[in-house]
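Worksheet for the structure shown next.
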Amino acid sequence: MFHHITVLKEEAVEGLNIHPDGIYVDCTLGGAGHSETIASRLGGQGRLIAFDQDDTALANAKTRLAPYAERVTLVRSNFRYIRQELLKLDLPRSGENPQVNGILFDLGVSSPQLDEAERGFSYNQEADLDMRMDQTSSLTAKEIVNEWSEAEIAKILFEYGEEKFSRRIAAQILSHRAKGTIETTSQLAEIVKEGIPAAARRTGGHPAKRSFQALRIAVNDELGAFEEALEQAVDCLAPGGRISVITFHSLEDRICKQFFAKFVEKCTCPPDFPICVCQKKSILRLVQRKPILPSKQELELNPRSRSAKLRIAEKL
Ligand SMILES: C[S@@+](CC[C@H](N)C(=O)[O-])C[C@H]1O[C@@H](n2cnc3c(N)ncnc32)[C@H](O)[C@@H]1O
Ligand SMILES: [Zn+2]
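Each residue of the sequence shown is one higher than the one before, counting from -18 in the working numbering.
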């Protein structure tokens, strides 16, 4: 059973301003909740291209999207290659860039990825330390904790987990691995706990939560992939095309917010200048100034939506 409750479904799809004949890209297919809604609104020439790097997600989505098969193309790829993957399809172009009418990102992992113990994402289910969304990529959480330097481990725990005790935890990892390979999620969860002072263990949720988030982000280079994809996504949008982004933590949201801000920048030349010399030109317009948050009703139905934020921009 593949069960993922789609977050901000209506809001994110509404944000794309779907035209039945348009071409849309779902960068994070997952359980295909957003994709199904998009596909159901297409007609005529409309097309949906959906990316995922997880074979299980793709296999499940194929069944769920079967009624729309003739207008759906599934792409097994990391979305960081969005431009080159779209170029392989027969799409309209502007110069070197394929042109589509809307692009969606619903970042992070899906519930099935978290819930299948053997994927190794979860600190409360015993499994090999894996955490790869793409089962064919080589870097695993086991490699990071057993082979990276203490400084590198402390750095990711601090930056991606916002973990205050990153140095202590990294030191704890080093002293454990000197005695033998750290193999499993529960072993690591225990080591992380030992690295956090007893008084601090009682606040801020499960003591291993932040470290597991950090490792997951590092294993999948989640922020790097998102940044690379955003740059290309803007080039691949046709004028009037929309981009909807759902983020689940402050690091992702900050990247999205700053990225959009960079592209909505207006010319700052003094009004008496005959021509623009600052070269600042708006490429995007924010559809909403503030991010959209889940409704009270959605929060009640799906606690996982708690940290979600949706930002929408339009290509000028
Ligand atoms: C939160 S889920 C998406 C859920 C989906 N919107 C739905 O309604 O069911 C995120 C999905 O994106 C995929 N994913 C995350 N980062 C990716 C990347 N860089 N490239 C391709 N797929 C990615 C994950 O494998 C996961 O299946
Ligand atoms: Zn200017």
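Beta carbons: idealized from backbone N, C-alpha and C, even for Gly.
Being a predicted model, the structure only gives us computed values, none of them experimental.
Counting pairs of beta carbons, one from the stretch 165 to 178 and one from the stretch 105 to 112, are three or more of them closer than 8 angstroms?
yes
If distances are taken between C-alpha atoms only, which option among His230, Met112, Leu88 comes closest to Asp96?
By one-based count along the sequence shown, residue 96 stands at place 115. Nearest option by C-alpha distance: Met112.
Using the three-state DSSP reduction, which class does Ile150 fall into: helix, strand or coil?
Position 169 of the sequence shown, counted from the first residue, corresponds to residue 150. Correct three-state label for Ile150: helix.
What do you reckon, are the CB atoms on Cys217 and Leu67 nearer than 9 angstroms?
Position 236 of the sequence shown, counted from the start, is the residue given in the question as residue 217. Position 86 of the sequence shown, counted from the start, is the residue given in the question as residue 67. Against a cut-off of 9 angstroms, the Cβ pair of Leu67 and Cys217 comes out as a contact.
Helix, strand or coil at Ile273 [DSSP, three-state]:
Taking the first residue of the sequence shown as position 1, residue 273 is located at position 292. In the structure shown, Ile273 sits in a strand (DSSP, three-state: E or B).
Going along the chain, which residues of its own chain have a beta-carbon closer than 6 angstroms to the beta-carbon of Asn201, five neighbours each way excluded?
Position 220 of the sequence shown, counted from the first residue, corresponds to residue 201. Within the same chain, Asn201 has close Cβ partners Met114.
Should Val258 be labelled buried (16 or more other beta-carbon atoms within 10 Å of its own) or exposed?
For the purposes of this step, residue 258 is taken as the residue at position 277 of the sequence shown. Flag for Val258 reads exposed.
Which of helix, strand or coil does DSSP assign to Thr54?
Taking the sequence shown and counting its residues from 1, the one referred to as residue 54 is at position 73. Note: Thr54 maps to strand in three-state DSSP.
Are the CB atoms of Arg28 and Thr54 nearer to each other than 9 angstroms?
In the sequence shown, the residue the question calls residue 28 occupies position 47. In the sequence shown, the residue the question calls residue 54 occupies position 73. Yes, they are a contact pair.
Rounded straight-line distance, which links the Cα of Ala152 to that of Asn41:
As a first step, residue 41 must be located in the sequence shown, where it is residue number 60. As a first step, residue 152 must be located in the sequence shown, where it is residue number 171. Looking at the two C-alpha atoms, the distance is approximately 41 angstroms.
Closer than 8 angstroms to a non-hydrogen atom of ligand 1 - does that hold for the CB of Asn201?
Taking the sequence shown and counting its residues from 1, one reaches residue 201 at position 220. Within the cutoff, so yes.
Where Phe240 and Ala31 are concerned, what is the direct C-alpha to C-alpha distance, given to the nearest angstrom?
Reading the sequence shown from its first residue, position 259 is the one you call residue 240. Reading the sequence shown from its first residue, position 50 is the one you call residue 31. Taking the straight line from one Cα to the other gives about 23 angstroms.
Please report the straight-line C-alpha distance between Ala122 and Arg270, rounded to a whole angstrom.
Taking the first residue of the sequence shown as 1, we reach residue 122 at position 141. Taking the first residue of the sequence shown as 1, we reach residue 270 at position 289. So the alpha carbons of these two residues sit roughly 37 angstroms apart.
Would you say the beta carbon of Phe102 comes nearer than 8 angstroms to a heavy atom of ligand 1?
Within the sequence shown, residue 102 is the residue found at index 121, counting from 1. Not under cutoff, so the answer is no.
Ser276 classed as buried or exposed, judged by whether at least 16 other C-beta atoms fall within 10 angstroms
Translated into the one-based positions of the sequence shown, residue 276 becomes position 295. Classification for Ser276: exposed.
Within 8 angstroms: the Cβ of Asp234 and any heavy atom of ligand 1?
Indexing the sequence shown from 1 puts residue 234 at position 253. Flag unset: Cβ of Asp234 not near ligand 1.
May I have a chain-ordered list of the beta strand (DSSP E) segments no shorter than 3 residues that lie completely inside the stretch 64 to 132?
81 to 87
Which of helix, strand or coil DSSP assigns to Gly11:
As a working mapping, residue 11 is identified with position 30 in the sequence shown. Three-state result, Gly11: coil.
Secondary structure at Ala294, three-state DSSP: helix, strand or coil?
Start at 1 with the first residue of the sequence shown, and residue 294 comes out as number 313. Note: Ala294 maps to strand in three-state DSSP.
Quick one: give me the first and last residue of the alpha helix (DSSP H) that Ala200 is part of.
Translated into the one-based positions of the sequence shown, residue 200 becomes position 219. The residue you asked about is not Ala; residue 200 is Val in the sequence shown. Its alpha helix (DSSP H) spans residues 190 to 200.
Please classify Asp36: does DSSP put it in a helix, a strand, or coil?
Locating residue 36 in the sequence shown gives position 55, counting from the first residue. Three-state result, Asp36: helix.
Is the number of C-beta pairs between the stretch 137 to 144 and the stretch 73 to 83 that are closer than 8 angstroms three or more?
no
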